[in-house]
Amino acid sequence: MTFYDAMRTHPWRRLEGEIESRGSHDVDRALSSSALGLDGLVSLLSPAADPYLEELAQRAQALTEQRFGRVIGLYAPLYLSNSCTNSCVYCSFNADNPIDRLTLTPDQAESEALYLHEQGFRHVLLVSGEDRRVVSMEYLREVVGRLRGLFDSISIEIYPMDTDEYGELAGYGVDGLIIYQETYNRERYDEVHRAGRKKDFRWRLETPERGGAAGFRRIGIGALLGLSAWRMESLYLALHARHLMRLYWRSHITISFPRLRPAVGGYTPPCPVTDRDLVHMMTALRLFLPDAGLLLSTRESPRLRDHMIPLGVTSMSAGSKTDPGGYTQDSACEGQFQVSDHRTPRRVAEKIKEKGYEPVWKDWDSAFIP
Ligand code: SF4
């Protein structure tokens, strides 16, 4: 059974009704249970749990320290291309937006990589719009081949592929896959993805499973927060992550929490997520998924990111640019979205240390592969 089938056993409206009906006694029961199940998570994500935020935070902190220690992994995105064949209303790279399009040459990608390497990064995330005409398998093989000597871990966040293609990329040295469903709400998904292959909800939803079948060591999922009700997105994210953990237990499953940021097109999020909501969501998910990696990007402000360091986060991006060539090239072009944390990677690492945590630039070596 894929997660597409599993999702149908948890209809949106039924879960929504359950979340709304929970009271404080349900929250107390969930917090006193020794193993938090789906029913308990529904209670912890419900409006009735809003006054319990401090307790959720304390428990999330203790559990994260127990499972991961006091460490925060650091990584950086490297944007290869802003060319895209899809029309997502919330994104600057939307094919309908009249922006300059740029795809880095392998030489330019290598310059960007050298810059990030000098900053200290040993984990890089290759990002692009969804356009396999320019970011082809051949192009990826060339780029990954050049970067392999610089980074111990190379992840991708590009267009969804089939299992064979992922297997090929794994053979070149890619070890991680990030793919956001954007929203688990079918109607909203259809509404905001106006054209292109991305309209196919099921193809996208089953992408992490194809990555797992191909043997990626790290698989990341996420919902674009602001598109639909955050409590519901949290529930489906939790179910999705648990499904992947059971099927692909050799892979480390991570969850990202990207909140919508201003972008070309001026899309206004229909369901804004406050800082408090975000903390609620992350801490509740930590209690349900003690072993999941939780990622927080530079979409968030320095203040919030610093605050979240002890509360369940395991990895952060730093010093990010969201346009291709943004680190080293003169030709400025449109970024995918505006970042909020403009601190240098060194400054972010110092802040992590000030909070009593260890910044980790390298958490993997291919020599670990048996
Ligand atoms: S979100 Fe991704 S697929 Fe959609 S327009 Fe932006 S780059 Fe393209």
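Using the working numbering, count along the sequence shown one by one with no gaps and you end on 607.
From the three backbone atoms N, C-alpha and C, an ideal C-beta is built for every residue, glycine too.
Legend entry - Inter-stretch contact at 8 Å, needing at least 3 Cβ pairs: the stretch 344-361 / the stretch 390-402: yes
Inset, instruction - Jot down the residue ranges of each uninterrupted alpha helix (DSSP H) in the stretch 377-455, minimum 4 residues, whole runs only, in chain order. - result: 400-409, 423-429, 438-442 and 444-451
Legend entry - Endpoints, alpha helix (DSSP H) assigned at A243: F240 to R245
Inset, instruction - Report yes if the C-beta of F438 is less than 8 Å from at least one heavy atom of the ligand SF4; otherwise report no. - result: no
Legend entry - Own chain residues within Cβ distance below 6 Å of V597, not counting five before or after: For V597, where only same-chain residues beyond five positions count, the Cβ hits under 6 Å are V308 and G310.
Inset, instruction - Could you name the residues that DSSP lists as bridge partners for I458? - result: I492
Inset, instruction - Verify whether the separation of the beta carbon atoms of D368 and R431 is less than 9 Å. - result: Not closer than 9 Å, so no.
Inset, instruction - State yes or no: is the C-beta of E419 nearer than 8 Å to some heavy atom of the ligand SF4? - result: yes
Inset, instruction - Name the two residues that bound the continuous beta strand (DSSP E) containing E595. - result: E595 to V597
Inset, instruction - Please list the segments of the alpha helix (DSSP H) lying wholly inside the stretch 481-562, counting only runs of 4 or more residues, in order along the chain. - result: 512-525 and 539-545
Inset, instruction - State the Cα-Cα distance for the pair D578 and K599, rounded to the nearest angstrom. - result: 22 Å
Inset, instruction - Note down the Cα distance separating P335 from T581, rounded to an integer number of angstroms. - result: 31 Å
Legend entry - Assigned exposure category for D276 - 16 Cβ within 10 Å defines buried: Counting every other CB atom within 10 Å of its CB across the protein chains shown gives D276 a total below 16, marking it as exposed.
Inset, instruction - Could you tell me which residues DSSP puts in a beta bridge with L363? - result: L315 and I393
Legend entry - N-terminal and C-terminal residue of the alpha helix (DSSP H) that K588 is part of: P582 to E591
Inset, instruction - Could you pull out every residue in the same chain whose Cβ sits closer than 6 Å to the Cβ of Y611, ignoring the five residues on either side in sequence? - result: With the chain covering 238 to 607 only, the question about residue 611 has no answer from this structure.
Legend entry - the ligand SF4 heavy atom lying under 8 Å from the CB of Q608: There is simply no residue 608 to check, as the chain begins at 238 and stops at 607 in what is shown.
Inset, instruction - Report yes if the C-beta of K558 is less than 8 Å from at least one heavy atom of the ligand SF4; otherwise report no. - result: no
Inset, instruction - Verify the contact flag: C328, CB atom, against every heavy atom of the ligand SF4, threshold strictly below 8 Å. - result: At a cut-off of 8 Å, the beta-carbon of C328 counts as near the ligand SF4: some heavy atom of the ligand is closer than that.
Inset, instruction - Confirm, please, whether the CB-CB distance from I458 to H477 is below 9 Å. - result: yes
Legend entry - Where Q418 falls, given that 16 or more other Cβ within 10 Å makes a residue buried: buried
Legend entry - Counted within 10 angstroms of its Cβ, other Cβ atoms place A243 as buried (16 or more) or exposed: Looking at its Cβ environment, which holds fewer than 16 other Cβ atoms inside 10 Å, A243 is exposed.
Inset, instruction - Keeping to the same chain, check which residues put their C-beta closer than 6 Å to that of L462; ignore five residues upstream and five downstream. - result: R496 and V510
Legend entry - Residue span of the alpha helix (DSSP H) that contains Y289, given as start and end: Careful: Y289 lies outside any alpha helix (DSSP H) and carries neither H nor E.
Legend entry - Start and end residues, alpha helix (DSSP H) containing L268: S261 to S269
Legend entry - At least 3 beta-carbon pairs within less than 8 Å: the stretch 413-427 vs the stretch 299-308: no
Inset, instruction - Check whether the Cβ of E253 lies closer than 8 Å to any heavy atom of the ligand SF4, and answer yes or no. - result: no
Legend entry - Residue environment, R523, which counts as buried when at least 16 other CB atoms sit within 10 Å: buried
Legend entry - M374 burial status per 10 Å Cβ neighbour count (16 or more: buried): exposed
Inset, instruction - Check whether the Cβ of K435 sits closer than 8 Å to any heavy atom of the ligand SF4, and report yes or no. - result: Indeed, a heavy atom of the ligand SF4 lies less than 8 Å from the Cβ.
Inset, instruction - Provide the residue span of the alpha helix (DSSP H) that contains R250, from first to last. - result: W249 to S258
Inset, instruction - Measure how close the beta-carbons of E349 and G556 come, nearest whole angstrom, since I'm counting them as under 8 Å. - result: That pair is no contact at about 12 Å.
Inset, instruction - Determine the extent of the alpha helix (DSSP H) in which S280 is found, giving its start and end residues. - result: L275 to L282
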